[in-house]
DNA sequence: AGTTACTACGAAAATGTTTTCGTAATTTTG
DNA sequence: CAAAATTACGAAAACATTTTCGTAGTAACT
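Protein chains in written order, with the working numbering: chain A, 1 to 341; chain B, 1 to 341.
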């Protein structure tokens with residue numbers, strides 16, 4: 001790589017001091033108009049660019065935000081990342097991504113790496129494994145050090161820090177109630193294990209809606225899909241008794257499950273939405289392009305990314321005032337398509 | 001944020017010089033065993049972590065790779081990014097992402113930003129707009145400066161630098177030939193505009209296969225979908241004459257187009273794959289979860305990310321030997337599903 | 001005993017900036 | 001005309017580290 005020209009080079013060449021050059025390029029009033037012009041012209045001609053590393057060391061500020069997410073090949077997370085990138089950029093920050101790939105260990109490693117001074121703050125969505133093992137020491141440590149951090153989507157309550165979540169309970173409630181109001185009486189839930197916080201919240205919302213409408217919950221209608229399960233087989237249990245099929249399904253664990261359920265139902269000869277209504281939590285291309293297209297709870301990933309950055313930059317730039325941590329909640333929309341009556 | 005302990009702090013406290021501390025912590029033979037132990041114990045107790053910024057300034061190395069991609073909410077690109085992240089990490093690099101969002105301007109901005117010393121090298125896939133306007137000055141400038149850069153997927157031939165691409169022509173050829181061998185005689189192509197390099201290459205492969213099997217290309221069977229077109233309407237032109245429907249479709253522009261075509265065909269009463277076979281270029285969830293699941297040319301995104309990083313790190317770390325630039329090509333696989341006979 | 005070699009450390013330079021402070025020269029003010 | 005203020009710049013510190021070189025003291029060799 002071609003080596004770059006530095007302040008010192010310019011100073012030597014123009015026979016002034018480096019401080020003069022620095023001030024001139026920063027338009028300081030201390031420098032005479034003529035000298036400024038001379039220096040600026042020279043700098044421009046030789047395409048001088050200040051060394052970012054030196055600036056960062058000097059200012060003790062990296063202008064980089066670290067993002068730790070479980071996956072990237074994932075519609076929701078990539079949408080959030082898009083929001084993060086766009087908003088961070090507009091505020092003069094760059095984005096560094098670390099993927100934990102669902103492993104607590106990699107999550108910890110990434111945090112270590114990032115907080116070794118490479119970033120000014122961290123945005124993280126913790127993995128399921130972290131929630132399962134309840135090991136938050138790596139996060140707690142950051143908070144204790146007053147290192148700026150914002151958790152989003154998959155958050156942990158036990159750590160006192162800024163968080164930003166989807167209204168999971170409200171969304172599940174809304175979806176369930178919608179199906180009930182459309183006449184469904186046997187609404188099934190494809191559930192995420194309870195140890196995952198969003199899983200238990202969605203289940204809570206589902207049960208609340210049943211309760212409000214005086215429908216007795218039926219354990220057979222709640223199918224918890226664990227990480228290593230055979231999805232098809234597990235969901236098929238809902239369709240074992242042909243006299244007792246569900247007439248509605250909330251796929252709290254996403255489109256793949258919704259899509260699989262739809263396929264199974266079709267194979268059983270059911271029509272959608274006439275015999276069975278399906279709502280999926282999370283809305284991406286599958287739900288839009290399946291046949292019929294699926295009614296979905298849309299989570300505003302872009303907005304979530306944007307607001308997460310907003311919270312974080314606030315933390316980073318207002319270190320003086322000890323603001324109490326915030327817990328923001330984003331609402332979801334029910335996007336009606338053709339998989340519901 | 002809690003301020004960190006530095007070498008100088010340790011030195012002062014233990015009444016030695018900073019150089020001694022530095023050497024001790026780096027296990028230099030110059031320091032006596034006792035002194036080393038004293039210093040290490042102190043450093044460990046106070047959780048000393050070297051300041052990354054200082055290290056970077058000193059070594060003139062950021063250990064960061066910049067990635068510029070047009071989109072992130074995109075199965076292929078996010079898969080590539082995943083490969084990049086994983087492999088870069090294993091080599092001690094972090095990844096900074098910049099999204100050009102399809103805009104040449106943002107692409108240029110990102111490059112400026114990154115090359116101002118924030119990263120050791122750049123991995124980029126140029127936007128369609130860049131290809132359309134044929135404005136490669138920002139890339140050429142990097143190459144002229146011998147700044148390490150590798151282009152992948154959407155590359156430009158006019159710039160002499162390392163590139164990594166999918167075998168677009170070969171893939172399209174393979175897909176087209178497969179349909180022909182299965183008995184299709186009117187194979188349509190949903191095409192990307194020619195100014196996009198991968199678009200013209202795929203078309204070339206398509207035509208080559210027709211030619212090999214002595215089938216006269218039919219302009220009516222080639223539908224070029226431009227950025228602002230109504231996709232549904234455009235694809236429908238293939239089904240205007242019921243006596244002359246296509247019996248095969250290659251969706252060179254991806255699954256959304258393939259899926260739309262499939263929907264239109266079904267609406268016209270065609271059965272898939274009996275009346276019409278469809279192959280999509282790019283394989284993600286839509287093709288897997290559509291009904292029927294689609295036969296697809298799978299592009300090995302993860303592998304592409306990995307190899308791109310490999311090329312780049314090679315450039316970064318072997319600055320001495322002036323290696324001629326490399327052009328690598330990755331092959332594609334035809335994943336047979338149910339949308340082809 | 002005199003030279004050489006080795007041990008264990010410190011001073012200082014170097015990475016490239018910005019910023020504080022000092023000051024000579026000039027200009028303004030009373 | 002003396003005092004005060006302003007202008008225009010330079011020296012040096014600071015950010016946190018590594019590394020080169022110098023050296024005092026001791027040990028080893030001839």
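Glycine included, each C-beta is placed from N, C-alpha and C at the ideal position.
State yes or no: is the C-beta of residue i within less than 8 Å of the C-beta of residue j?
| i | j | result |
| --- | --- | --- |
| residue 122 of chain A | residue 190 of chain A | no |
| residue 280 of chain B | residue 265 of chain B | no |
| residue 146 of chain A | residue 2 of chain B | yes |
| residue 159 of chain B | residue 136 of chain B | yes |
| residue 205 of chain A | residue 170 of chain A | yes |
| residue 258 of chain B | residue 287 of chain B | yes |
| residue 104 of chain A | residue 72 of chain A | no |
| residue 41 of chain B | residue 31 of chain B | no |
| residue 112 of chain B | residue 148 of chain B | no |
| residue 223 of chain B | residue 208 of chain B | no |
| residue 225 of chain A | residue 253 of chain A | yes |
| residue 231 of chain B | residue 289 of chain A | no |
| residue 128 of chain A | residue 80 of chain A | no |
| residue 285 of chain A | residue 303 of chain A | no |
| residue 57 of chain B | residue 57 of chain A | yes |
Let me make sure I understand the geometry here. Which of the options has the alpha-carbon closest to that of residue i?
| i | options | result |
| --- | --- | --- |
| residue 168 of chain B | B/339, B/333, B/225 | B/333 |
| residue 343 of chain B | B/142, B/132, B/32 | Nothing can be reported for residue 343 of chain B, as the shown portion of chain B is limited to 1 through 341. |
| residue 59 of chain A | B/53, B/207, B/63 | B/53 |
| residue 78 of chain A | A/174, A/258, A/91, A/305 | A/305 |
| residue 218 of chain A | A/229, A/238, A/308 | A/238 |
| residue 114 of chain A | A/73, A/90, A/63 | A/63 |
| residue 165 of chain A | A/84, A/152, A/72 | A/152 |
| residue 310 of chain B | B/298, B/294, B/327 | B/327 |
| residue 174 of chain A | A/24, A/213, A/148, A/221 | A/213 |
| residue 267 of chain B | A/292, A/274, A/270, A/245 | A/292 |
| residue 357 of chain A | A/101, A/330, A/36 | Absent from the structure is residue 357 of chain A, since the part of chain A shown begins at 1 and ends at 341. |
| residue 241 of chain B | B/194, B/221, B/130 | B/221 |
| residue 102 of chain A | A/109, A/118, A/126, A/85 | A/126 |
| residue 228 of chain B | B/193, B/317, B/251 | B/193 |
| residue 251 of chain B | B/270, B/339, B/301, B/74 | B/339 |
| residue 140 of chain B | B/33, B/108, B/118 | B/108 |
| residue 51 of chain B | A/318, A/263, A/118, A/134 | A/118 |
| residue 106 of chain B | B/316, B/261, B/260, B/130 | B/130 |
| residue 86 of chain A | B/70, B/270, B/84 | B/70 |
| residue 176 of chain B | B/26, B/215, B/18 | B/215 |
| residue 314 of chain A | A/88, A/82, A/44, A/132 | A/88 |
| residue 172 of chain B | B/138, B/210, B/144, B/184 | B/210 |
Closer than 6 Å by C-beta to residue i: which residues in its own chain qualify, once you throw out the five before and the five after it? Chain order, please.
| i | result |
| --- | --- |
| residue 179 of chain A | 187, 248, 277 |
| residue 21 of chain A | 7, 10, 11, 39 |
| residue 203 of chain A | 191 |
| residue 341 of chain A | 182, 273, 277 |
| residue 150 of chain A | 123, 162, 308, 311, 312 |
| residue 75 of chain B | 284 |
Take residue i and list the residues in its own chain whose beta-carbon comes closer than 8 Å to its own, dropping the five residues that flank it on each side.
| i | result |
| --- | --- |
| residue 47 of chain B | 5 |
| residue 13 of chain B | 42 |
| residue 324 of chain A | none |
| residue 84 of chain B | 65, 67, 95, 123, 305, 306, 308, 309 |
For residue i, which residues in the same chain have their Cβ closer than 7 Å to its Cβ, ignoring the five residues on either side in sequence?
| i | result |
| --- | --- |
| residue 335 of chain A | 283, 295, 296, 298 |
| residue 110 of chain B | 68, 98, 100 |
| residue 300 of chain B | 330 |
* **Three-pair Cβ contact test at 8 Å for the segment 92-108 of chain A versus the segment 61-75 of chain A** => yes
* For the segment 154-198 of chain A, list the beta strand (DSSP E) runs that are entirely contained and at least 3 residues long, ordered along the chain. => 162-166, 187-191
* Asked: Whole alpha helix (DSSP H) runs in the segment 27-88 of chain A with 4 or more residues, listed along the chain?
  -> 33-45, 52-59
* **Complete runs of the beta strand (DSSP E) confined to the segment 84-130 of chain B [at least 3 residues]** => 94-99, 121-124
* Counting only runs of 4+ residues fully inside the segment 225-302 of chain B, write out the alpha helix (DSSP H) ranges in chain order. => 231-236, 255-267, 285-289
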